[in-house]
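What follows is a set of notes on a single structure, which appears directly below.
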Amino acid sequence: MSDDQAKRTESDEVTLGRIETEVALLMRLGEATRRATGSAEHRVLDRAAYVILRHLDATGPQNVSALAARLNLDGSTVTRQVSALQRDGLIARAPDPADGRGTVISPTPAGLHRMAAVQAARTRLYGDILADWSPTDRDTLATLLGRLNQALDSRTRRR
């Protein structure tokens with residue numbers, strides 16, 4: 004290995020170590036911020052319910068198996084979460100038009116209302132947190148987070 008390759012490898016290791024630390028802090032501080040926020044809007048849905056409702060809103064009705072596969076979760080986990088959402092009147096089940104033996108789930112108006120309230124509260128929160136950032140920096144952050152999420156999603160799907 005040349006000296007240049009060794010320096011790049013060492014530099015890459017330092018950078019990857021910084022990324023690991025920053026992602027760990029992001030996850031911890033993100034959750035702590037959510038819990039500490041005084042707004043009740045942040046707490047009208049738990050994280051799992053919010054993700055499920057956001058996905059269903061974006062993609063339309065789906066069966067639990069498709070939802071579990073898309074969210075990289077075990078089917079039994081999604082079934083429990085969906086049952087809780089249905090019990091709370093936030094999703095509805097309907098016969099699957101592609102397979103009459105199954106059902107598809109979709110958000111109810113109440114589910115969409117709660118999801119929109121959480122989304123608006125989170126958007127305001129990030130607006131406050133990032134108020135001193137330039138629009139370019141905020142756009143760059145959004146782009147890089149999107150790339151990171153795509154890479155994480157691709158990695159989990161290959162397993």
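Residue 24 in my numbering sits at position 21 of the sequence shown, with consecutive numbering throughout. Cβ coordinates follow ideal geometry from the N, Cα and C atoms, glycine included. Computed from a prediction, not measured in an experiment: that's the story for all the values here.
Do the segment 136–148 and the segment 106–124 meet, that is, are 3 or more Cβ pairs less than 8 Å apart? no
Can you pull the DSSP bridge partners for Ser14? If you number the sequence shown from 1, residue 14 lands on position 11. In the DSSP output, where bridge partners are listed per residue, Ser14 has none listed.
Beta-carbon proximity check, Ala61 vs Gln84, cutoff 8 Å: Sequence index remark: in the sequence shown, residue 61 carries index 58 (1-based). Sequence index remark: in the sequence shown, residue 84 carries index 81 (1-based). It is not a contact, given that the beta carbons lie outside the stated cut-off.
Compare the C-alpha of Val67 against each of Met30, Gly105 and Leu32 and name the closest. Along the sequence shown, one-based indexing puts residue 67 at 64. The option with the nearest alpha carbon to Val67 is Gly105.
Within 10 angstroms of the Cβ of Val81, are there 16 or more other Cβ atoms? Answer buried if so, exposed if not. The residue given as residue 81 occupies position 78 in the sequence shown. With 16 or more other Cβ atoms within 10 Å, it is buried.
Exposure of Gly20, with buried meaning 16 or more beta-carbon neighbours within 10 Å: Position 17 of the sequence shown, counting from 1, holds the residue named residue 20. By the 10 Å Cβ count, Gly20 comes out exposed.
Report the option in Asn152, Ala124 and Thr159 whose CA atom is closest to the CA atom of Thr36. The residue given as residue 36 occupies position 33 in the sequence shown. Closest option to Thr36, Cα to Cα, is Ala124.
Kindly give me the distance between the Cβ atoms of Leu3 and Thr40, rounded to whole angstroms, as I take these residues to be in contact under 8 Å. Residue 3 lies beyond the stretch modelled for the chain, which goes from 4 to 162, so this question has no answer here.
Tell me where the beta strand (DSSP E) around Ala97 begins and ends. Position 94 of the sequence shown holds residue 97. Ile94 to Asp99 is the span of the beta strand (DSSP E), which, as asked, contains Ala97.
Exposed or buried, Pro112, counting other C-beta atoms within 10 Å across all chains shown (16 or more means buried)? In the sequence shown, residue 112 corresponds to position 109, counting from 1. Answer is exposed; the Cβ neighbour count stays below 16.
At what residues does the alpha helix (DSSP H) containing Asp102 begin and finish? Within the sequence shown, the letter at position 99 stands for residue 102. Not the alpha helix (DSSP H): Asp102 falls in the beta strand (DSSP E), residues Asp102 to Pro110.
Less than 8 Å between CB atoms is the rule here; does Arg57 satisfy it with respect to chain C? The structure shown contains no chain C; it is built from a single protein chain.
Ignore the nearest five residues each way along the sequence and tell me which others in Ala71's own chain have a CB closer than 6 Å to its CB. For the purposes of this step, residue 71 is taken as residue 68 along the sequence shown, with counting starting at 1. Taken in chain order, the residues that qualify are Gly78 and Val81.
In whole angstroms, what separates the C-alpha of Ala87 from that of Thr18? The sequence position of residue 87 within the sequence shown is 84, counting from 1. The sequence position of residue 18 within the sequence shown is 15, counting from 1. Between Ala87 and Thr18, the C-alpha separation is close to 42 Å.
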